[in-house]
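K.L.:
Number of protein chains: 2
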Amino acid sequence: MDLTFRPARAEDIPAIVALLADDPLGAQREDPAATGPYLAAFKAIDSDPNHLLLVMTRGDDVLGTLQLSFLPGLSHRGAWRGQVEAVRVARSTRGQGLGELLLNHAINECRARGCTVVQLTTDRSRVDAHRFYERLGFSATHLGYKLKL
Amino acid sequence: MDLTFRPARAEDIPAIVALLADDPLGAQREDPAATGPYLAAFKAIDSDPNHLLLVMTRGDDVLGTLQLSFLPGLSHRGAWRGQVEAVRVARSTRGQGLGELLLNHAINECRARGCTVVQLTTDRSRVDAHRFYERLGFSATHLGYKLKL
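The listed protein sequences correspond, in order, to chains A and B. Heads up, this note's numbering is the position in the first sequence plus 288, with the first residue counted as 1. Heads up, this note's numbering is the position in the second sequence plus 288, with the first residue counted as 1.
1. What residue range does the beta strand (DSSP E) around T404 (chain A) cover?
2. Can you tell which of A:A428, A:G366 and A:Y326 has its C-alpha closest to the C-alpha of R412 (chain A)?
3. Measuring straight from C-alpha to C-alpha, what distance separates L437 (chain B) and V406 (chain A)?
4. Which value, in whole angstroms, describes the spacing of the CA atoms of T353 (chain B) and R379 (chain A)?
5. Can you pull the chain C neighbours of L362 (chain A), defined as C-beta to C-beta under 8 Å?
6. Within its chain, find whatever has a CB closer than 8 Å to the CB of T397 (chain B); leave out the 5 residues flanking it on each side and keep chain order.
7. Buried or exposed: which applies to S363 (chain B), given that a residue is buried once 16 or more other Cβ atoms fall within 10 Å of its Cβ?
8. Please name the residue, chosen from A:R376, A:E422, A:A298 and A:P360, that lies closest to A328 (chain A) on a Cα-to-Cα basis.
9. For the region 349 to 435 of chain A, list the beta strand (DSSP E) runs that are entirely contained and at least 3 residues long, ordered along the chain.
10. Any chance the region 416 to 427 of chain A sits against the region 416 to 435 of chain B, with 3 or more Cβ pairs inside 8 Å?
11. Buried or exposed, going by whether 16 or more other CB atoms sit within 10 Å of the CB of L415 (chain B)?
12. Around the C-beta of P337 (chain B), are 16 or more other C-beta atoms found within 10 angstroms, so that it is buried, or is it exposed?
13. For V305 (chain A), which residues of its own chain have a beta-carbon under 7 Å away from its beta-carbon, when the five flanking residues on both sides are left out?
14. Measure from the alpha carbon of L391 (chain B) to the alpha carbon of each residue in B:F330, B:A322 and B:V375, then state which is nearest.
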């Protein structure tokens, strides 16, 4: 069956949260039983045309997800940036190249929206992810700083 | 004279672009004479309540700037993130602690907007910036990847 890439719908949220939680880092911080905050976040994303929560599906199964944010900025002569967050591919489908298809779809969305750069950060511990993004042509030119409030 | 922190206005854009360009990396990519793209970017930022282009002024002088973006997301139980981009402090005022005041103002804005994390990336070559952000409590937990389109 063919893969489909489309904006997430409210009914996809449990499957997306399950993907976020099925991960060494996500397992420590997500709570799939807490539906309210996830649905509120979905509404904020879905109501803003500069955010796109994307799912990759096959039939009724959500096999992958990521969030794209299209960000205006003055830097680089007023360039728009495409920012990728919360990338996950279902564990059962790893090694089939689905992550690459998902990212390439996202990169094409950024191109279609006139972005001149795609950016993302990834935890230093995700060594496999580093190799994955480098294979796709990304360069780790920056350090990603976080401050918890 | 006292420092003021406020949203940028269209008439501040030349001063902001001058700050962006007065920098080893910015000098290679900004073109202060090209006003159109910068004003278009300003309009996109200014018309979206989830973006704030901030200036730090003293009298008529723009002494610092940064852009804040408030980003919804499913991760971390639907947490909002505050993202900082394009931080600059006027060269003539360096070493007076103004950068710290500017960032602390931004962090407080993020807190007021209910963000649970503040994030930014900085070029690996900006070693002074790394020390600066670490002093403010940020941790370089991530790698920042870019892909030029």
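Using N, Cα and C, we set each Cβ at its ideal position, and we do this for glycine too. Predicted, not measured: the structure shown is a model, and the values here were computed from it.
P.N.:
To lay it out plainly:
1. Note, T404 (chain A): premise wrong, no beta strand (DSSP E); not H, not E.
2. Looking at A:A428, A:G366 and A:Y326, the one whose alpha-carbon comes closest to that of R412 (chain A) is A:A428.
3. In this structure, the straight-line span from the alpha carbon of L437 (chain B) to that of V406 (chain A) is close to 7 Å.
4. 43 Å
5. Looking for chain C here will not work: the only protein chains present are A and B.
6. Reading the sequence as shown, one finds Glu at residue 397 (chain B) and not Thr. Same-chain partners within the cutoff: L340, L342, L356 and G370.
7. Label assigned to S363 (chain B): buried.
8. Among A:R376, A:E422, A:A298 and A:P360, the Cα nearest to that of A328 (chain A) is on A:A298.
9. 349 to 359, 369 to 377 and 405 to 411
10. yes
11. Per the sequence shown, the amino acid found at residue 415 (chain B) is Val instead of Leu. So V415 (chain B) ends up on the exposed side.
12. exposed
13. E318, P320 and Y326
14. Residue B:V375 holds the alpha-carbon nearest to the alpha-carbon of L391 (chain B) among B:F330, B:A322 and B:V375.
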